[in-house]
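Working notes for the structure below.
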Amino acid sequence: MYYDLLAKIKNAESAKKKTMTTSFSKMDFAVAKSLVQGGYLSDAQKKIVGKKNFLEVKLTHSKNSPALSGFKIISKPSRRLYVDYRSLSSVKQGYGLAIISTSKGIMSGKEAKKQKVGGEYLFQIW
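For the sequence shown, my numbering begins at 324 and goes up steadily by one.
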């Protein structure tokens, strides 16, 4: 799930790695693509080694500090949280990003507001 992906990205950035590889899933790939659009990652690609699929993520570092400083999981398996596009607000006074799973795919909170769609509020990242 994306929880594991976020923890691995945070740990890799803390260790000042440039790339990170993890097992591939469509959900993780969609989350990574939305983080690339938000500027928290440089690139995310699907790599095939033998019969296994992997997700390779290139991390973004700015001025010797990681681009990702923290995240908060909002919707959990035990408690799903769904939001309407009208109730989406900024994260960390605009310095963060909300990731929403909508009927049109996984996207940022700003995109969801622009397209006027709601969905499951996955997590916040800053």
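For glycine and all other residues, C-beta sits at the position ideal for the given N, C-alpha and C.
- Query: What does a CB cutoff of less than 6 Å around ASP327 pick up in its chain, not counting 5 residues either side in sequence?
  - Reply: Counting from 1 along the sequence shown, the entry for residue 327 is found at position 4. Nothing meets the Cβ criterion.
Checklist entry - Short check: CB of LEU378 to CB of PHE352, under 8 Å? => result As a working mapping, residue 378 is identified with position 55 in the sequence shown. As a working mapping, residue 352 is identified with position 29 in the sequence shown. Closer than 8 Å, so yes.
Taking the CB atoms as reference points, tell me whether GLY361 and LEU445 lie closer together than 8 Å.
-> The residue given as residue 361 occupies position 38 in the sequence shown. The residue given as residue 445 occupies position 122 in the sequence shown. The answer is no: Cβ separation not under 8 Å.
Determine the contact status of ILE347 and LYS369, defining contact as a CB-CB distance below 8 Å. In the sequence shown, residue 347 corresponds to position 24, counting from 1. In the sequence shown, residue 369 corresponds to position 46, counting from 1. Before going on, a small fix: residue 347 reads as Phe here, not Ile. Yes, these two residues count as a Cβ contact at 8 Å.
Using DSSP's beta-bridge definition, name the partner residues of LEU364. Here residue 364 refers to the residue found at position 41 of the sequence shown. DSSP, once it has assigned bridges, lists LEU382 as partnering LEU364.
Next item on the list: Please list, in chain order, all residues of the same chain as LEU358 whose beta carbon is under 6 Å from its beta carbon, the five residues on each side excluded.
Entry: Taking the first residue of the sequence shown as position 1, residue 358 is located at position 35. Once the five neighbours on either side are set aside, the close Cβ partners of LEU358 are LEU364.
>> Would LEU391 and ILE429 qualify as a contact pair, given that the criterion is a beta-carbon distance under 8 Å?
In response: Taking the sequence shown and counting its residues from 1, one reaches residue 391 at position 68. Taking the sequence shown and counting its residues from 1, one reaches residue 429 at position 106. Cβ atoms of LEU391 and ILE429: not closer than 8 Å.
On the DSSP bridge assignment, give the partners of LEU420 in chain order.
The sequence position of residue 420 within the sequence shown is 97, counting from 1. Paired residue(s): ILE448.
Problem - Beta-ladder partner(s) of TYR389, from DSSP - result: Looking up residue 389 in the sequence shown gives position 66. Residue 389 is actually Pro in this sequence, not Tyr. Per DSSP, the beta-bridge partners of PRO389 are HIS384.
Margin query: Would VAL414 and GLN447 be called neighbours here (beta carbons separated by less than 8 Å)?
Written below: In the sequence shown, residue 414 corresponds to position 91, counting from 1. In the sequence shown, residue 447 corresponds to position 124, counting from 1. Contact: yes.
- request: State yes or no: is the C-beta of TYR418 within less than 8 Å of the C-beta of TRP449?
  value: On the sequence shown, residue 418 is found 95 positions in, with the first residue counted as 1. On the sequence shown, residue 449 is found 126 positions in, with the first residue counted as 1. Yes. Within cutoff.
Please classify LEU329 as buried or exposed, where buried requires at least 16 neighbouring CB atoms within 10 angstroms.
Locating residue 329 in the sequence shown gives position 6, counting from the first residue. Its Cβ being crowded by 16 or more others within 10 Å, LEU329 is buried.
*DSSP puts ILE429 in a beta bridge; with which residues?*
Here residue 429 is taken as the residue at index 106 of the sequence shown, counted from 1. DSSP lists SER424 as partners of ILE429.
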